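J.:
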Amino acid sequence: MKILVCISNVPDTTSKINFTEDDTKFDTNGVQFVINPNDEFGLTRAMWFKEKQGATIHVVSVGEVSVEPTLRKALAIGADEAIRINTIPTDGLFVAQQLAEVVKNGQYDLIIAGRESIDYNGGMVPGILATLLDINFINTCIGLEIEGDAVTAIREIDGGKETLATTLPLVVGGQKGLVEESELRIPNMRGIMMARKKVLNVVEPTDSIRGTEDAKFEKPAPKGAVKLVDSDKIEELIDLLHNEAKVI
Amino acid sequence: MAQQYVDMDTLKFLLYRVHDLQTVLDQARYADYDQASVDLFLNATKDFSDKELFPFFREMDAAPAHFKEGEIIVHPQVEKYMKKAGEMGLIAALFDYEVGGLQMPNTVVSAAAYIQETANNHLPGYVGLTNGAAELIIHFGSKALNETYVPKMLTGDWGGTMCLTEPQAGSSLSDIITVAEQAEDGYTISGQKIFISGGDYREAENIVHLVLARIKGAPAGTKGISLFVVPKKRRTENGDLISNDVNTVGDFQKMGQKGYCTTHLSFGDEKDCKGWLVGEANQGLKYMFMMMNGARIAVGRGAAAITMAAYQASLAYAKERPQGRSLTRTGKKDVSQEQTLIINHPDVKRMLLFQKVVSEGALSLVLLTAKYHDLSTTHADPKEREKYLLLLEMLTPIVKTYPSEMGSVSVSNGLQVLGGYGFCTDFILQQYFRDIRIFPIYEGTTGIQSLDLLGRKVTMENGKGVLLLSEEIGKTIREALGIDTLAPYAKQLSGKLELSQEVLQFLIPFVKKGDYQRFLSDATVFMEFFGNIVVGWLWLNISIQAEKALVSGETQYTGDFYTSKIHAMKFYFKYELPKTTALAEILTNKEVLTVAEENSWFA
Ligand SMILES: Cc1cc2nc3c(=O)[nH]c(=O)nc-3n(C[C@H](O)[C@H](O)[C@H](O)COP(=O)(O)OP(=O)(O)OC[C@H]3O[C@@H](n4cnc5c(N)ncnc54)[C@H](O)[C@@H]3O)c2cc1C
């Protein structure tokens, strides 16, 4: 089985977020980037297939040279080869078109992307990718088994789970549940050294269109001060929750 | 949000930029490494620390390692950590490829160990000692010893210890009396060792003790001490592990580092304890001392790490705790105003900045010393190796002492930032305060380090070490003199360098007169004086790099990051460096008040 894991490079959640150019651009100064967590769950599941059933794993990211450390980390964890599509990822449509080209050239059986990336939370890429490739698609996937061409996948649905049967080739929108957080892997030094010798192909982007432009970013309003309510003043608490916080 | 315990940006800025790791990676031994792989490794170590170290930090303090029915019970994470550290490559990191190592630079391994120690200083010692014990076997042991012990140690299956201390032989190792008696197939060992860190724990498959002992009939003093491998369990001919008569007879309950067990071991109670000589007879202390630079950097690093973690905790608290109000222009407080955050009070800022300069200054010192260590062994040019060795020798007692001593003061300040809560066990500061207190004691007390600095290092090769270090400081001063905003600080440091020469000119004549007692009586004061100047130098160097980054518009870190480094340097030069003037006054005062065995002074 040949697996492609699509990886986006996202700010670490502890980073301070700022915007420049009239709040139209994300300020990357001093920001630490990591593998998008949803993609990491997918990569870890791919490693399981590699080790238990035999598979080749390629990882791909759309981005400039600054995404290479993230791809190297994926290689250090155990991916066999990496591909970087040398362009700035703009919107979901654009990224999906770039990825589709890689999939077409690489003959992959299984493509795992994250359900969404935790930076812009677009949640579009795996769906558009499957559409462009005209293959099966399972989103919000929390369990994945494969025997030959037959796939059993579990999806999270409101209040429960749904088990689906389908066949390869397939695009999966993965998330936590594909593996648990405790199963995520930390690369060791030998893996890191081996990663230096693995192939990281840089390919030029194809002509693609984008569907949206960033017009403006806004940060959430700063948190207000905490209000303390005496434990015997339940009425006051209800009033505050109702009229001020407007949560009940 | 999880508690922040380390400042990775500062660590990386110091490692890559201020201490220019590339000059180390350029050495042939490290050809397989580049900055990108080092960076991945450090990030992985941080993830590892988040997962395997920090979550257990408070638990290990609350449920200390303890002695029970002949065994030491430790936190279950000890075993897990040892194995995982083995898998990560953390135990094998420094060693040659041929013995299963990774040939990583000490500078990088130190940075990785530092991250772990900021997360939880109770655990990394188990790995550190295993690593140190393996290092002794690899460097000086026979092929058979290497084959028997090293592979299992590098995977973390077997632990390692250093057994030097005995009840009557702590600072003074020449008084060791543990005996090794020649037997048919090696030696039998008998004696007591106390305060042995990581000395025993139930889950360890085996523990490999590196024991200093005296072969029967060996000369007295340091010249008669040999080094032995004495495993808790030895192999029989068919490969089974059987008891080697190494008995755990008790432990020490301590004020801090409670998860890191400290044991009392008794060797050969049943006269069936076998030891294997490492290297040649009577060379034991020499072998130990050859490993000493690394071990002392490691202790300073641990203290620097706790200092950093405490700073992070105090800073987070000060940014959230409202209390009191700032003074208005009338000099009064406006009580109708909401309370301000304590970080806005100048005195709290002063304490936090003090924590910042000590924690980051100590880290800078650790990384520089580790770099000298690397270059002293791997530089292609033998002359350069010799130079770096002398610089390393100069800095070793300081890197053991400055982070330990000033770190303790810094953590105490950090506790103060929390006010009453600092004293309460609900908050983490009191644990850092207790944990760091061992650092000025083990691996040679501050008193002993200070004797080493003034009595041995300052005078070695006719003062060549001091000269070389002064030259390095001089280079930084000259560079800073060329940057307008830093020139005044460069001048200030230059004055301090001259002051140190004046102090030495006062002290050295005592050596010439043969009055060693007087020469060394204030060695610890000299250590404080000299360490302060060295860290001042490091801060000037940090500010040069920050200034350059600001001027060239570098965006790796934010502008605030670089500016904060320059501000910290100014703080150091206003609040810390001037203390050397008072210390110099003490050092050059002619009155003699501590020399002579005169105890009526305490009447
Ligand atoms: C938690 C812990 C862990 C330890 N781990 C280990 C270990 O793993 N292996 C091991 O072998 N040891 C270990 N030790 C022992 C440690 O290294 C010694 O405690 C230390 O070297 C001091 O020796 P001592 O306790 O006998 O104190 P002493 O040597 O009695 O010192 C008492 C005081 O006298 C001063 N002093 C002593 N001699 C001189 C001198 N000549 N000139 C000036 N001042 C002097 C000292 O500075 C100190 O202030 C550990 C100790 C502790 C507490």
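Protein sequences, first through last, are from chains A and B.
Numbering-wise (the numbering used here), the first sequence opens with residue 1 and increments by one.
Numbering-wise (the numbering used here), the second sequence opens with residue 1001 and increments by one.
Think of the CB as a built atom: it goes at the ideal place given N, C-alpha and C, for glycine as much as any other residue.
Computed from a predicted structure; not experimentally measured.
What is the residue span of the alpha helix (DSSP H) that B/P1403 lies within?
T.: 1382–1417
J.: Can you name the start and end residues of the alpha helix (DSSP H) that B/Y1372 belongs to?
T.: 1346–1378
J.: Let me know if B/M1604 comes out buried or exposed under the rule of 16 or more other beta-carbons within 10 Å of its beta-carbon.
T.: This structure cannot settle anything about residue 1604 of chain B, because the visible part of chain B is limited to 1001 through 1603.
J.: Using Cβ-Cβ distances below 7 Å, what residues of the stretch 194–205 of chain A are close to chain B?
T.: R196
J.: Looking at the C-beta of A/I192, does it have a partner C-beta in chain B at a distance below 8 Å?
T.: yes
J.: Does the Cβ of B/M1001 have 16 or more other Cβ atoms within 10 Å, making it buried, or fewer, making it exposed?
T.: For B/M1001, the predicted structure reports a pLDDT of 42, less than 50, and the residue's modelled location is therefore unreliable. A value from the coordinates is still provided. Exposed.
J.: B/G1191 and B/A1218 - do their beta-carbons sit closer together than 8 Å?
T.: no
J.: Please go through the same chain and pick out, in chain order, the residues whose beta-carbon is closer than 7 Å to the beta-carbon of B/Q1449, but skip the five residues on each side of it.
T.: P1397, K1400, T1401, M1527
J.: Can we count B/Q1257 as close to ligand 1, meaning its CB is less than 7 Å from some heavy atom?
T.: yes
J.: Smallest Cα separation from B/Y1097: which of B/D1050, B/A1111, B/V1150, B/I1115?
T.: Nearest C-alpha to B/Y1097: B/V1150.
J.: How many Å lie between B/D1605 and B/K1193 at the Cα?
T.: This structure leaves residue 1605 of chain B out entirely; chain B is present only between 1001 and 1603.
J.: Straight-line CA distance for B/I1138 to B/V1417?
T.: 46 Å
J.: Please decide whether B/T1558 counts as near chain A, where near means a Cβ-Cβ distance under 8 Å.
T.: yes
J.: With B/I1000 and B/G1407 assumed to form a contact (beta carbons below 8 Å), what rounded beta-carbon distance in angstroms separates them?
T.: The question about residue 1000 of chain B has no answer, for chain B in this structure spans 1001 to 1603.
J.: On the three-state DSSP scale, how would you describe A/L170?
T.: strand
J.: Pull up the distance between the alpha-carbon of B/K1083 and that of B/K1271, whole angstroms please.
T.: 33 Å
J.: Between which two residues does the alpha helix (DSSP H) containing B/P1488 stretch?
T.: 1487–1512
J.: 8 Å is my cut-off, CB to CB: does B/F1561 come that close to chain A?
T.: yes
J.: Between B/M1001 and chain A, is there a C-beta pair that is closer than 8 Å?
T.: At B/M1001 the pLDDT is 42, less than 50, meaning the model places this residue with poor confidence; the figure from the coordinates comes in the next sentence. For B/M1001, the nearest beta carbon of chain A is closer than 8 Å to its own beta carbon.
J.: Specify the secondary structure class of B/V1074 as computed by DSSP and reduced to three states.
T.: coil
J.: Decide yes or no for the touch test of the stretch 1325–1342 of chain B against the stretch 1354–1366 of chain B: beta carbon pairs closer than 8 Å, at least 3 of them.
T.: no
J.: Taking the CB atoms as reference points, tell me whether B/L1375 and B/L1352 lie closer together than 8 Å.
T.: B/L1352 is positioned such that its CB atom lies no closer than 8 Å to that of B/L1375.
J.: I need the straight-line Cα distance from B/K1152 to B/N1247, nearest angstrom please.
T.: 21 Å
J.: For B/A1281, collect the residues of the same chain with a Cβ closer than 8 Å to its Cβ; drop the 5 residues on either side in sequence, then sort them by chain order.
T.: I1215, A1218, S1226
J.: For A/P169, does the count of other Cβ atoms within 10 angstroms reach 16, so buried, or fall short, so exposed?
T.: buried
J.: Per DSSP, what kind of secondary structure is B/N1293 in: helix, strand or coil?
T.: helix
J.: Work out the CA separation of A/D27 and B/V1229 for me, nearest whole Å.
T.: 57 Å
J.: May I ask you to report which of helix, strand or coil DSSP gives B/M1001?
T.: Bear in mind that the predicted position of B/M1001 carries a pLDDT of just 42, short of 50, making it unreliable; the figure below should be weighed with that in mind. B/M1001 falls in the coil class under three-state DSSP.
J.: Whole angstroms is fine: what's the gap from B/Q1182's alpha carbon to B/I1189's?
T.: 9 Å
J.: Measuring CB atoms only, is the stretch 172–184 of chain A touching the stretch 134–151 of chain A, in the sense that at least three cross pairs come out at less than 8 Å?
T.: These segments touch.
J.: Find the residues of chain A that neighbour B/F1048, judging by a C-beta separation of less than 8 Å, and give them in chain order.
T.: I186, listed in chain order.
J.: For B/F1289, is the beta carbon positioned less than 7 Å from some heavy atom of ligand 1?
T.: no
J.: Are at least three pairs of beta-carbons, each pair with one atom in the stretch 1047–1064 of chain B and one in the stretch 147–165 of chain A, less than 8 Å apart?
T.: The stretch 1047–1064 of chain B makes no contact with the stretch 147–165 of chain A, as fewer than three CB pairs between them are under 8 Å.
J.: Within 7 Å: the Cβ of B/T1165 and any heavy atom of ligand 1?
T.: In this structure, the C-beta of B/T1165 approaches ligand 1 to less than 7 Å from one of its heavy atoms.
J.: Going by CA-CA distance only, name the one from A/D119, A/I112, A/L237, A/G143 that's closest to A/M1.
T.: A/I112
J.: May I ask whether a heavy atom of ligand 1 can be found less than 7 Å away from the beta carbon of A/E81?
T.: Within the chosen limit of 7 Å, ligand 1 does not reach the beta carbon of A/E81 with any heavy atom.
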